[in-house]
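A short worksheet on the structure shown next.
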Amino acid sequence: MIRLLSLVAFFGTALSLSAAEPAFRAGAFAQDITPTKYPISVNGGMTDRQAKGAHDRLHARCLVLDDGKTKLVFVVCDSCMIPREIFDNAKASAEKATGIPASHMMMSATHTHTAPTVGGVFQSDPDEGYIRYLTEKIAAGVIEAHKRLAPARIGWAVGKNDQQVFNRRWKMTPGTIAADPFGQTTDTVKMNPGYQAKGLLEPSGPIDPDVSLLSVQTADGKPLCVLANYSLHYVGGVEPVSADYFGAFADRMKQLLKADDNFVGIMSNGTSGDINNINFAGPAPKGVQPYERIRVVADSVAQTAMQALKDVKYHDHVTLKAAEQEIELGVRLPSSADIERAKQILEKAPTPLKTMPEIYARETVLLAKYPPTVKAKLQAFRVGELGIVSSPCETFVEIGLEIKKKSPLKPTFTIELANGYNGYLPTPEQHQRGGYETWRARSSYLEVNASPKITKTLLELLEQVK
Ligand SMILES: [Zn+2]
């Protein structure tokens with residue numbers, strides 16, 4: 000009788016093993032993408048800057064997930080913005096080497112303002128040598144993370160940190176906002192108005208306090224990767240080259256988790272087109288040392304992450320799904336009168352350009368060559384019950400909040416500056432209010448109604464993967 004029972008037990012186990020789902024696997028790798036040649040152009044400002052060295056390393060932080068049927072790739076690069084062509088080329092190389100379809104790969108930029116220029120904005124032009132280097136390194140990072148695939152467990156959580164995010168667009172009392180770079184006085188909100196500036200009324204929009212986390216461990220429970228998402232533009236105030244708080248967060252997570260060198264921390268940007276780390280309602284902070292603010296913010300967000308990670312329920316297997324769609328969006332092309340005015344301004348302008356009307360006049364002339372419509376790549380992913388969507392813009396926070404609220408997958412998080420760069424994405428309402436993010440330039444050119452179209456498509460893609 001005992002022997003019979005053990006026989007049943009033996010076959011029972013064998014049966015359940017053969018019927019079990021294939022092992023869930025993950026691989027992570029932080030590929031160094033720090034430039035090797037200096038000086039190098041750095042974007043993120045109205046004028047170009049030249050970096051002479053690196054304060055800290057830049058990385059393309061890669062995570063590959065495999066549920067046995069479907070593989071997903073997430074890559075977050077320390078860069079201000081990365082044009083579509085670079086990501087497409089990197090994905091094609093990575094697909095060739097790994098067999099993972101490019102449509103299952105999400106690649107984004109953090110939005111550090113202290114990294115080499117790879118997309119031309121304002122007076123910074125890309126460095127072709129670094130573009131080739133970056134493209135190859137992103138692909139190499141995916142290939143290495145794919146090689147490292149090993150049995151893993153996975154979970155997710157959302158912490159809250161409302162201390163490091165502020166809406167940077169403020170409603171102002173009439174008459175306190177100067178003319179915009181096109182000579183118009185229609186703006187009712189001002190970006191970065193100054194600490195306790197005259198005329199401050201209230202922020203023009205909300206914040207998103209979510210610190211969203213996807214946590215991956217080895218099969219024996221060691222930390223392998225934390226992919227985080229927080230809606231903060233960047234911290235800044237430092238010399239290039241630096242990965243800003245995004246890199247500091249990854250380092251801090253490794254310390255706090257007491258993880259080994261195989262651990263990869265990743266901070267992706269949420270929807271932070273109108274969010275920064277400056278509290279304009281309060282007085283200007285005094286005596287802040289360079290890099291101090293970055294460390295403070297990285298630690299604060301990492302502490303929130305550590306707290307939230309305590310509640311993670313790890314799964315030995317989850318289902319992975321991906322959906323991708325391209326949509327066509329109109330371009331806010333300048334009129335012939337706009338172009339004529341811009342040319343007149345540029346005729347008398349110095350090199351490099353100094354004033355805002357001059358800088359935006361050049362943008363107007365460059366935008367005149369744009370096609371009437373552009374394609375934007377949108378994606379949705381499912382990792383178990385977690386949803387992730389991506390947009391190729393500096394997406395306003397209210398758009399992310401709306402997607403999170405309406406998503407069929409709870410929680411959902413939203414990665415911006417992904418798979419290309421199509422400039423700022425304000426809502427139609429914020430367009431009406433004007434301000435820097437709406438001023439027509441290569442960093443803000445999509446049609447006024449782009450955001451409802453993008454939101455609608457992302458919600459449809461989430462329905463497809465749910
Ligand atoms: Zn920006």
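Everything in the sequence shown is counted per numbering that gives the first Met the number 0, starting at 0 for the first residue and increasing by one.
Note that the Cβ used here is the ideal one computed from N, Cα and C, for glycine as well.
Model, not experiment: these values are computed from the prediction.
With 16 other Cβ atoms within 10 Å as the buried cut-off, status of K90: In summary, K90 is buried, with 16 or more beta-carbon neighbours lying within 10 Å of its beta-carbon over all protein chains present.
S107 versus L416: straight-line alpha-carbon distance, rounded: Whole-angstrom Cα-Cα distance: 5 Å.
N58, DSSP secondary structure in three states: Reading the sequence as shown, one finds His at residue 58 and not Asn. In this structure, DSSP gives H58 an extended state, which the three-state scheme calls strand.
Spatial neighbours of S5 in its chain, beta-carbon cut-off 6 Å, leaving aside the 5 residues before and after: For S5, the predicted model reports a pLDDT of 47, less than 50, meaning its position is unreliable; a value from the coordinates is still stated below. Taken in chain order, the list of residues that qualify is empty.
Distance cut-off 7 Å: H110 Cβ against heavy atoms of ligand 1: Yes, since a heavy atom of ligand 1 falls inside the 7 Å radius drawn around the Cβ of H110.
Counted within 10 angstroms of its Cβ, other Cβ atoms place P21 as buried (16 or more) or exposed: With fewer than 16 other Cβ atoms within 10 Å, it is exposed.
Beta-bridge pairing of R381 - partner residues as DSSP gives them: Bridge partners of R381: K320, G386.
Neighbourhood of S203 by C-beta, 8 Å cutoff - its chain only, sequence neighbours within 5 removed: Cβ within range, chain order: N166, R168, W169, K170, V188, D273, Q429, R432, G434.
Rounded separation between E94 and R48 - CA only: In this structure, the alpha-carbon of E94 lies about 35 Å from that of R48.
Near ligand 1: H314 beta-carbon under 7 Å from a heavy atom: False, no ligand heavy atom lies under 7 Å from that Cβ.
Span of the alpha helix (DSSP H) around V263: Here V263 belongs to no alpha helix (DSSP H); instead the beta strand (DSSP E) covers 263-268.
Residues of its chain near A247, where Cβ-Cβ distance is below 7 Å and the 5 sequence neighbours each way are ignored: Once the five neighbours on either side are set aside, the close Cβ partners of A247 are I293, R294, A297.
T411: first and last residue of the uninterrupted beta strand (DSSP E) it sits in: Run containing T411: 411-414, per the beta strand (DSSP E) assignment.
Proximity winner among D186, K285, Y290, A301, relative to N160 (alpha-carbon distances): With distances taken between Cα atoms, N160 lies closest to A301.
Ordered list of beta strand (DSSP E) runs contained in the segment 295-379, each at least 3 residues: The beta strand (DSSP E) runs lying completely inside the segment 295-379 and spanning 3 residues or more are 319-329, given in chain order.
For T394, three-class secondary structure by DSSP: Strand, per DSSP.
The segment 313-320 contacting the segment 365-375, beta-carbon criterion three pairs below 8 Å: The segment 313-320 makes no contact with the segment 365-375; the number of CB pairs closer than 8 Å stays below 3.
beta-carbon E393 near ligand 1 non-hydrogen atom, thresh 7 Å: Short note on E393: C-beta closer than 7 Å to some heavy atom of ligand 1.
Inter-stretch contact (C-beta, 8 Å, three-pair minimum) for the segment 378-397 and the segment 251-258: Put simply, the segment 378-397 does not touch the segment 251-258. Fewer than three CB pairs are less than 8 Å apart.
A307 burial status per 10 Å Cβ neighbour count (16 or more: buried): A307 should be labelled buried.
Cβ pair count under 8 Å reaching 3, the segment 147-162 against the segment 173-190: Output reads no: the segment 173-190 does not touch the segment 147-162.
Same chain, Cβ closer than 6 Å to A360, neighbours up to 5 away in sequence not counted: Closer than 6 Å at Cβ, skipping near neighbours: A341, I344, L345.
Any non-hydrogen atom of ligand 1 within 7 Å of H103 CB: A distance criterion of 7 Å places the beta-carbon of H103 beyond contact range of ligand 1, judged by its closest non-hydrogen atom.
DSSP three-state assignment for E291, whether helix, strand or coil: E291 falls in the helix class under three-state DSSP.
Beta-carbon contacts of S92 that lie in its chain and below 7 Å, excluding the five residues immediately before and after: Close CB contacts of S92 within its chain, under the 7 Å cut and outside five residues either way in sequence, are with A138 (chain order).
Own chain residues within Cβ distance below 7 Å of P192, not counting five before or after: W169, M171, L199, F279, listed in sequence order.
Sheet register partners of L424 (DSSP bridge): Answer by DSSP bridge pairing, in chain order: T394.
H232 beta carbon near ligand 1 (any heavy atom closer than 7 Å): Yes, the beta carbon of H232 sits closer than 7 Å to at least one heavy atom of ligand 1.
Supposed contact pair T113 and V225 - C-beta distance, whole angstroms, cut 8 Å: That belief does not hold up - the Cβ atoms of V225 and T113 are roughly 23 Å apart, past 8 Å.
Inter-residue Cα distance where the pair is V63 and A283: Their Cα atoms are separated by approximately 43 Å.
Beta-carbon proximity check, Q195 vs L352, cutoff 8 Å: No, the Cβ-Cβ distance between Q195 and L352 is not below 8 Å.
CA-to-CA distance, L71 to E397, given in whole angstroms: So the two alpha carbons sit approximately 27 Å from each other.
Element boundaries [alpha helix (DSSP H), containing K95]: 83-97 is the extent of the alpha helix (DSSP H) around K95.
Alpha carbon of G383 to alpha carbon of P239, nearest angstrom: Those two C-alpha atoms are separated by around 39 Å.
Under the three-state DSSP convention, the category K465 falls into: In the displayed model, K465 falls within coil according to three-state DSSP, outside both helix and strand.
Which of helix, strand or coil DSSP assigns to A149: Strand, per DSSP.
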